[in-house]
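Here's the structure, in C-alpha coordinates; my notes come after.
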Amino acid sequence: MSGFRIFLMIIQVVASLVLIGSILMQSGKSAGLSGSISGGAEQLFGKQQGRGYEAILTKVTTAGAVLFIIVAIILVAIQ
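According to the working numbering, the sequence shown is numbered sequentially starting from 12.
Quick look at the structure:
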(Lines of atoms letter the chains of each structure in order from A; the text may use other names.)
(Lines give C-alpha, C1' and ligand atoms only; values in the text may rest on other atoms or scores of the structure.)
Protein backbone atom coordinates (compact mmCIF):
# COMPACT_ATOMS: atom_id res chain seq x y z
CA MET A 12 0.00 0.00 0.00
CA SER A 13 1.31 3.41 -0.85
CA GLY A 14 1.81 6.09 1.78
CA PHE A 15 -0.64 8.41 0.04
CA ARG A 16 -3.39 5.78 0.13
CA ILE A 17 -2.80 5.16 3.85
CA PHE A 18 -2.93 8.92 4.47
CA LEU A 19 -6.25 9.14 2.63
CA MET A 20 -7.64 6.23 4.64
CA ILE A 21 -6.70 7.99 7.88
CA ILE A 22 -8.42 11.17 6.64
CA GLN A 23 -11.47 9.04 5.77
CA VAL A 24 -11.64 7.64 9.31
CA VAL A 25 -11.28 11.12 10.83
CA ALA A 26 -14.02 12.49 8.55
CA SER A 27 -16.26 9.56 9.55
CA LEU A 28 -15.75 10.24 13.25
CA VAL A 29 -16.41 13.96 12.78
CA LEU A 30 -19.63 13.16 10.91
CA ILE A 31 -20.82 10.70 13.55
CA GLY A 32 -20.09 13.11 16.38
CA SER A 33 -21.59 16.18 14.75
CA ILE A 34 -24.76 14.37 13.69
CA LEU A 35 -25.29 12.90 17.16
CA MET A 36 -24.86 16.32 18.74
CA GLN A 37 -27.47 18.00 16.52
CA SER A 38 -31.03 18.24 17.69
CA GLY A 39 -33.69 16.43 15.75
CA LYS A 40 -37.46 16.40 15.99
CA SER A 41 -37.22 14.83 19.43
CA ALA A 42 -34.34 17.13 20.48
CA GLY A 43 -32.03 14.09 20.97
CA LEU A 44 -28.64 14.40 22.62
CA SER A 45 -28.17 18.02 21.63
CA GLY A 46 -31.40 19.05 23.33
CA SER A 47 -29.93 18.54 26.77
CA ILE A 48 -26.64 20.20 25.86
CA SER A 49 -28.15 23.09 23.92
CA GLY A 50 -30.89 23.56 26.49
CA GLY A 51 -28.29 23.88 29.21
CA ALA A 52 -26.31 26.30 27.09
CA GLU A 53 -29.40 28.43 26.51
CA GLN A 54 -30.09 28.62 30.22
CA LEU A 55 -26.49 29.51 30.94
CA PHE A 56 -25.62 31.83 28.06
CA GLY A 57 -28.94 32.88 26.51
CA LYS A 58 -30.82 31.81 23.39
CA GLN A 59 -28.38 33.33 20.90
CA GLN A 60 -25.58 31.02 22.07
CA GLY A 61 -27.79 27.96 21.55
CA ARG A 62 -28.49 28.99 17.96
CA GLY A 63 -24.79 29.64 17.36
CA TYR A 64 -24.00 26.16 18.64
CA GLU A 65 -26.44 24.61 16.17
CA ALA A 66 -25.03 26.71 13.31
CA ILE A 67 -21.50 25.56 14.09
CA LEU A 68 -22.62 21.92 14.18
CA THR A 69 -24.36 22.33 10.83
CA LYS A 70 -21.19 23.76 9.26
CA VAL A 71 -19.02 21.01 10.78
CA THR A 72 -21.42 18.35 9.45
CA THR A 73 -21.38 19.87 5.97
CA ALA A 74 -17.58 20.12 5.89
CA GLY A 75 -17.21 16.56 7.18
CA ALA A 76 -19.63 15.21 4.57
CA VAL A 77 -17.88 17.02 1.72
CA LEU A 78 -14.47 15.78 2.90
CA PHE A 79 -15.79 12.24 3.30
CA ILE A 80 -17.23 12.16 -0.24
CA ILE A 81 -14.15 13.69 -1.88
CA VAL A 82 -11.75 11.31 -0.13
CA ALA A 83 -13.98 8.32 -0.93
CA ILE A 84 -14.01 9.23 -4.64
CA ILE A 85 -10.22 9.69 -4.66
CA LEU A 86 -9.70 6.34 -2.91
CA VAL A 87 -11.86 4.56 -5.47
CA ALA A 88 -10.10 6.32 -8.35
CA ILE A 89 -6.59 5.34 -7.22
CA GLN A 90 -7.43 1.75 -6.41
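Even glycine gets a Cβ: it sits at the ideal position worked out from N, Cα and C.
Less than 7 Å separates the beta-carbon of Val82 from that of Leu19.
For Ile17 and Ala66, the gap between their C-alpha atoms comes out near 32 Å. Gly14 counts as exposed, since fewer than 16 other beta carbons sit within 10 angstroms of its beta carbon.
Closest in alpha carbon position to Gly75, among Gly39, Val25 and Ile21, is Val25.
Only residues of its own chain outside the window of five on either side were considered, and among them Ala26 have a CB closer than 6 Å to the CB of Leu78, listed in chain order. Its chain contains Thr72, Gly75, Ala76 and Phe79 as the residues whose beta carbon lies nearer than 8 Å to that of Leu30, once the 5 sequence neighbours on both sides are disregarded; these appear in chain order.
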